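Residue numbers (our numbering): 43 to 243.
Since the structure comes first, as structure tokens, the remarks are kept for the end.
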């Protein structure tokens, strides 16, 4: 698929067919994810891959109270045969920038204007979304509700120095399912988001 086609076709899929996914596509998506930009080549990411029915069910039971009586959104999402939890490690970035070639002598988080560890993991996640789109599959990126974050962390033994930045479901898209925000809101023309030379004074 041409790159512009990937960009145009990528969307959040909320309903999946009950059909397995070629593991080679997932491996390609993960390999591509590690090509994302990352400050200082810190590579402070990890990806928890759940690709067996037992592990996928364990995720949904850890992250939701409604697995046994799901609404339209959850029912469509639960059919995805693959769930990926991209995680970021702040410690990896603080350690990397305390190394001699970076010139800082401490791990002070205040030196960072924004949490690049989360931003870089998010860019890696986008590469996963684009790769599965290129392969003709569907995917959705969403967050774990805060009150279930500890349950998800515990279910998959995610260490304290890694934080899940979201969840990616992957599978064969199927029509129907819960409608997303684009069904209620129009995409703004890109020109409305661009400020050439800055905002007007």
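Every residue gets a Cβ at the ideal spot worked out from N, C-alpha and C, and that includes glycine.
Computed from a prediction, not measured in an experiment: that's the story for all the values here.
Item, Value
"Span of the beta strand (DSSP E) around residue 128", "124–130"
"Meets three-Cβ-pair contact criterion under 8 Å: the stretch 70–85 and the stretch 160–168", "yes"
"Cα-Cα separation between residue 49 and residue 55, rounded to whole angstroms", "14 Å"
"Neighbour-count burial assignment, residue 132, 16 or more Cβ in a 10 Å radius", "buried"
"Classification of residue 125 by the beta-carbon crowding that lies within 10 angstroms, buried from 16 upward", "buried"
"Residue 174 - DSSP class collapsed to helix/strand/coil", "helix"
"Cut-off 8 Å between Cβ atoms - residues of its own chain near residue 51, not counting five sequence neighbours on either side", "43 and 175"
"Cβ-based burial, residue 71 [other Cβ within 10 Å; buried from 16]", "buried"
"Residue 118 (DSSP reduced to helix, strand or coil)", "helix"
"Reduced DSSP category for residue 210 - H, G, I as helix; E, B as strand; rest coil", "strand"
"Whole-Å CB distance - residue 206 paired with residue 127, under 8 Å assumed", "5 Å"
"Contact check, residue 178 vs residue 213, beta carbons under 8 Å", "no"
"Residue 186, buried or exposed, once every other Cβ within 10 Å from all chains shown has been counted against 16", "buried"
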